[in-house]
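Chemist: Under full-length UniProt numbering, the residue at position 286 of the sequence shown is numbered 286, and the numbers go up by one with no gaps. We treat Cβ as the ideally placed atom computed from N, Cα and C, and that holds for glycine. Computed from a predicted model, the values in this text were never measured in an experiment. First the structure, then my questions, so here it is.
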Amino acid sequence: MHQVLEKIAEKTSRQPVLLALRDGFAACTPLLIVTSLLIIIRDFPVPGYAELMAQIFSQNWQDFFTPLIQATYGVIALLAAFGVGYAYSREKKIDPFTGATLAVVVFLLMSQQVHPDYTNQAGEAFIGFSISQLNSNSLFMAMLCGLSSVELLSYTTKKRWQLTLKPGIPPGVAHSVTDLIPSGICLVSFLVLRQLLAVTPYHDLAEISHNLLQAPLLALGRTALFEPIYQFLSSLFWFFGITGPAITDTIFGPIHLAQTVENLTAYQAGQPLPNIYTGAFSAYFGNFGGGGSTLALVIVLFTSAKSQRLKQVAKISLLPGIFGINEMVIFGVPIVLNPLIMIPFVMVPVMNVTLAASAMKLGLVPYTIGVSIPWTTPIFFSGWLATASIKGGLCQIVQLALGCLVYYPFVKALDRQYLKEE
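Here you go:
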């Protein structure tokens with residue numbers, strides 16, 4: 001089993017497309033977290049907060065945040081095209097900035113630019129790019145454009161379809177000239193593709209990617225087993241000493257992100273939130289204290305361990321565990337390749353997401369609103385902020401308590417084993 005998972009992890013970690021998707025989306029994370037924190041400030045979930053802020057500033061004080069929200073979440077697909085293009089260019093060993101720039105241009109080229117449904121006073125159709133085309137609605141199209149444009153650029157570059165320059169020319173000038181023919185081939189190819197798609201029933205790449213890729217994948221992300229499978233695989237990789245999310249996020253991450261942005265868009269518009277499973281749900285209702293939901297394990301160690309070894313692990317792991325850092329407990333217990341701890345380590349995260357999803361489905365806890373908060377945010381506060389309701393924090397406390405109950409018999413068995421050794 002260990003060898004099989006190691007082979008899977010090794011192949012996945014070397015797959016350029018998966019690495020580009022993982023790293024490309026990760027590049028957007030700091031911007032989304034900053035914007036999410038401002039959204040939390042704007043919509044802080046405390047009764048009377050909005051009224052107090054309106055008295056201090058003005059009735060329209062919340063409009064102050066709108067430009068930044070539109071410049072990040074509103075154009076998340078554009079950011080993803082750049083990030084994926086950059087990351088994939090790096091994997092293909094070509095100039096990342098050329099690849100990223102080309103990916104953005106191709107994405108815009110393949111987007112709708114004339115909007116007959118929107119006209120000015122003269123009756124002329126709006127020409128330009130709509131925000132609705134640059135947000136999560138086109139996220140998977142951005143992935144396609146980023147990967148395919150860089151793939152074509154890499155092919156033409158490695159075939160040496162380039163202008164040859166004499167030595168001594170400054171690198172900046174050399175890059176702009178040598179990439180001229182590959183970039184031109186790429187742009188003309190996509191321009192031709194755009195015209196060909198216009199005569200098909202789908203009309204454009206946006207509709208094709210949405211109907212054939214994005215819609216099916218998001219439908220998969222809404223199935224009941226999507227998140228439990230993600231948590232199971234992530235924890236299983238961790239058990240064998242492999243960083244689980246580094247592997248599973250290459251596949252599950254884009255779906256998590258798309259559903260997160262969908263929820264935020266609906267929240268901003270005052271509409272019902274469409275998705276239970278989002279990035280915030282996975283992060284803040286699946287694991288407390290790190291992979292395997294080890295905060296529950298640390299609490300059990302701290303309150304019931306009698307062996308000196310586990311007592312020491314509990315002392316040094318409790319405070320970091322509150323902030324989601326669990327390396328001390330992972331290697332101190334240890335958890336890696338410890339068959340006694342494997343069952344709760346894998347079982348508790350699956351139980352957590354199943355319980356939280358059930359509570360949300362029954363209306364006991366609100367869905368996550370789509371904000372991305374720092375991963376070090378402690379339990380209760382993360383659930384409260386992620387759902388804009390104190391019920392989210394209370395749900396986490398219940399989950400943590402149940403996690404402690406699951407870990408308890410396994411910890412006691414391990415503790416007795418260590419006591420005998422001492």
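Using a Cβ-Cβ distance cut-off of 8 angstroms, determine whether F190 contacts chain D.
Modeler: The structure shown contains no chain D, having only a single protein chain.
Chemist: How long is the line joining the alpha carbons of T250 and G244, rounded to whole angstroms?
Modeler: By 1-based counting over the sequence shown, the position of residue 250 is 250. By 1-based counting over the sequence shown, the position of residue 244 is 244. Spanning the two alpha carbons is a distance of roughly 10 angstroms.
Chemist: Is P374 near the ligand FMN, judged by its Cβ being under 7 angstroms from some heavy atom?
Modeler: Among the ligands in the structure shown, none appear at all, so the ligand FMN cannot be discussed.
Chemist: How should F190 be labelled, buried or exposed, when 16 other C-beta atoms within 10 angstroms of its C-beta is the threshold for buried?
Modeler: Here residue 190 refers to the residue found at position 190 of the sequence shown. F190 is buried by the Cβ-count criterion.
Chemist: In whole angstroms, give me the CA-to-CA distance for L310 and R22.
Modeler: Translated into the one-based positions of the sequence shown, residue 310 becomes position 310. Translated into the one-based positions of the sequence shown, residue 22 becomes position 22. So the two alpha carbons sit approximately 36 angstroms from each other.
Chemist: Along the chain, which unbroken stretches of the beta strand (DSSP E) at least 3 residues long are found entirely within the segment 238–270?
Modeler: The qualifying runs do not exist here; there are none.
Chemist: Pick helix, strand or coil for D204, following the three-state DSSP scheme.
Modeler: Taking the sequence shown and counting its residues from 1, one reaches residue 204 at position 204. Three-state DSSP puts D204 in coil, outside helix and strand.
Chemist: Can you tell me where the alpha helix (DSSP H) holding S304 begins and where it ends?
Modeler: Here residue 304 is taken as the residue at index 304 of the sequence shown, counted from 1. Its alpha helix (DSSP H) spans residues T294 to S304.
Chemist: Looking at the structure shown, is R160 part of a helix, part of a strand, or coil, going by DSSP?
Modeler: Taking the first residue of the sequence shown as position 1, residue 160 is located at position 160. In this structure, R160 counts as coil in the three-state DSSP scheme.
Chemist: Please report the distance separating the alpha-carbon of A50 from that of E151.
Modeler: Locating residue 50 in the sequence shown gives position 50, counting from the first residue. Locating residue 151 in the sequence shown gives position 151, counting from the first residue. For A50 and E151, the distance between alpha carbons rounds to 49 angstroms.
Chemist: With a threshold of 6 angstroms on Cβ separation, who are the neighbours of F288 within its own chain once the five nearest residues in sequence on each side are excluded?
Modeler: Taking the first residue of the sequence shown as position 1, residue 288 is located at position 288. Correct list, in chain order: L295, I379 and L400.
Chemist: I think V411 touches V348, with their Cβ atoms under 8 angstroms apart; what is that distance to the nearest whole Å?
Modeler: In the sequence shown, the residue the question calls residue 411 occupies position 411. In the sequence shown, the residue the question calls residue 348 occupies position 348. About 12 angstroms separates the two Cβ atoms, so there is no contact after all.
Chemist: Taking the CB atoms as reference points, tell me whether F323 and T376 lie closer together than 8 angstroms.
Modeler: Indexing the sequence shown from 1 puts residue 323 at position 323. Indexing the sequence shown from 1 puts residue 376 at position 376. Result yes, Cβ atoms of F323 and T376 sit closer than 8 angstroms.
Chemist: What's the C-alpha gap between G74 and F285?
Modeler: Here residue 74 corresponds to residue number 74 of the sequence shown, with the count starting at 1. Here residue 285 corresponds to residue number 285 of the sequence shown, with the count starting at 1. Whole-angstrom Cα-Cα distance: 26 angstroms.
Chemist: Per the contact definition of three or more C-beta pairs closer than 8 angstroms, is the segment 140–159 in contact with the segment 100–113?
Modeler: Result yes; three or more Cβ-Cβ pairs closer than 8 angstroms.
Chemist: Determine whether the beta carbon atoms of T278 and T157 lie at a separation below 8 angstroms.
Modeler: By 1-based counting over the sequence shown, the position of residue 278 is 278. By 1-based counting over the sequence shown, the position of residue 157 is 157. No; because the gap between Cβ atoms is not below 8 angstroms, this pair is not in contact.
Chemist: For C28, which three-state DSSP category applies?
Modeler: As a first step, residue 28 is located in the sequence shown; it is residue number 28 there, counting from the start. Correct three-state label for C28: coil.
Chemist: Just how far apart, CA to CA, sit V46 and L52?
Modeler: The residue you call residue 46 lines up with position 46 of the sequence shown. The residue you call residue 52 lines up with position 52 of the sequence shown. Their Cα atoms are separated by approximately 11 angstroms.
Chemist: Comparing alpha-carbon positions, which option in T72, A80, I76 and R42 lies nearest F64?
Modeler: Translated into positions along the sequence shown, residue 64 becomes position 64. Of the listed residues, the one whose Cα sits closest to F64 is R42.
Chemist: Taking S358 as part of the alpha helix (DSSP H), name the residues at either end of that continuous run.
Modeler: On the sequence shown, residue 358 is found 358 positions in, with the first residue counted as 1. Start and end: P339 to K361.
Chemist: Which residues in the same chain as H203 place their Cβ atom closer than 7 angstroms to its Cβ, once the five residues preceding and following it in sequence are excluded?
Modeler: Working through the sequence shown from its first residue, we reach residue 203 at position 203. Once the five neighbours on either side are set aside, the close Cβ partners of H203 are L197.
Chemist: Considering Cα atoms alone, identify which of T66, G270, G99 and L205 is closest to T35.
Modeler: The residue given as residue 35 occupies position 35 in the sequence shown. When only C-alpha atoms are compared, the closest one is T66.
Chemist: Using the C-alpha atoms, what's the distance from I247 back to I185?
Modeler: As a working mapping, residue 185 is identified with position 185 in the sequence shown. As a working mapping, residue 247 is identified with position 247 in the sequence shown. Near 34 angstroms, if we compare the C-alpha coordinates of I247 and I185.
Chemist: Take R194 and list the residues in its own chain whose beta-carbon comes closer than 8 angstroms to its own, dropping the five residues that flank it on each side.
Modeler: Along the sequence shown, read from residue 1 onward, the residue named residue 194 stands at position 194. For R194, where only same-chain residues beyond five positions count, the Cβ hits under 8 angstroms are L109, M110, D204 and L205.
Chemist: Give me the Cα-Cα distance between A258 and S58, rounded to the nearest whole angstrom.
Modeler: Locating residue 258 in the sequence shown gives position 258, where the first residue counts as 1. Locating residue 58 in the sequence shown gives position 58, where the first residue counts as 1. If you take the alpha carbons of A258 and S58, they lie about 34 angstroms apart.
Chemist: Return the first residue and the last residue of the alpha helix (DSSP H) that F64 is part of.
Modeler: Numbered from its first residue, the sequence shown carries residue 64 at position 64. From DSSP, F64 is part of no alpha helix (DSSP H); its letter is neither H nor E.
Chemist: Taking the alpha carbon of L233 as the point to measure from, which residue in G221, F252 and L220 has its own alpha carbon closest?
Modeler: Along the sequence shown, one-based indexing puts residue 233 at 233. Considering only alpha carbons, the answer is F252.
Chemist: Using the three-state DSSP reduction, which class does A388 fall into: helix, strand or coil?
Modeler: If you number the sequence shown from 1, residue 388 lands on position 388. DSSP places A388 in coil when its eight states are reduced to three.
Chemist: So is T223 buried or exposed if we call it buried at 16+ other beta carbons inside 10 Å?
Modeler: What you label residue 223 is simply residue 223 of the sequence shown in a count that begins at 1. Exposed, by the Cβ-count rule.
Chemist: Return the Cβ separation of T386 and I373 in integer angstroms, given the expectation that the two are a contact with Cβ distance under 8 angstroms.
Modeler: For the purposes of this step, residue 386 is identified with residue 386 of the sequence shown, where counting begins at 1. For the purposes of this step, residue 373 is identified with residue 373 of the sequence shown, where counting begins at 1. Going by the sequence as given, residue 386 is Ala instead of Thr. Yes, A386 and I373 are in contact; Cβ-Cβ is about 6 angstroms, under 8 angstroms.
Chemist: Between the alpha carbons of S136 and E262, how many angstroms are there, rounded?
Modeler: Translated into the one-based positions of the sequence shown, residue 136 becomes position 136. Translated into the one-based positions of the sequence shown, residue 262 becomes position 262. If you take the alpha carbons of S136 and E262, they lie about 7 angstroms apart.
Chemist: If you follow the alpha helix (DSSP H) that L83 is in, where does it begin and where does it stop?
Modeler: Sequence index remark: in the sequence shown, residue 83 carries index 83 (1-based). According to the sequence provided, residue 83 is Gly. The question's Leu does not apply to it. Looking at the DSSP string, the run of the alpha helix (DSSP H) that includes G83 is I76 to E91.
Chemist: Considering I181, what are the terminal residues of the alpha helix (DSSP H) in which it resides?
Modeler: Numbered from its first residue, the sequence shown carries residue 181 at position 181. That run of the alpha helix (DSSP H) goes L180 to A198.
Chemist: Taking three-plus beta-carbon pairs below 8 angstroms as touching, is the segment 211–223 in contact with the segment 331–342?
Modeler: In short, these stretches do not touch, since the Cβ pair count stays below three.
Chemist: List the endpoints of the continuous alpha helix (DSSP H) containing P320.
Modeler: Here residue 320 is taken as the residue at index 320 of the sequence shown, counted from 1. Element bounds for P320: Q308 to I322.
Chemist: So, using beta-carbon positions, are W384 and G393 closer together than 8 angstroms?
Modeler: Counting from one through the sequence shown, the residue named residue 384 turns up at place 384. Counting from one through the sequence shown, the residue named residue 393 turns up at place 393. Yes, they are a contact pair.
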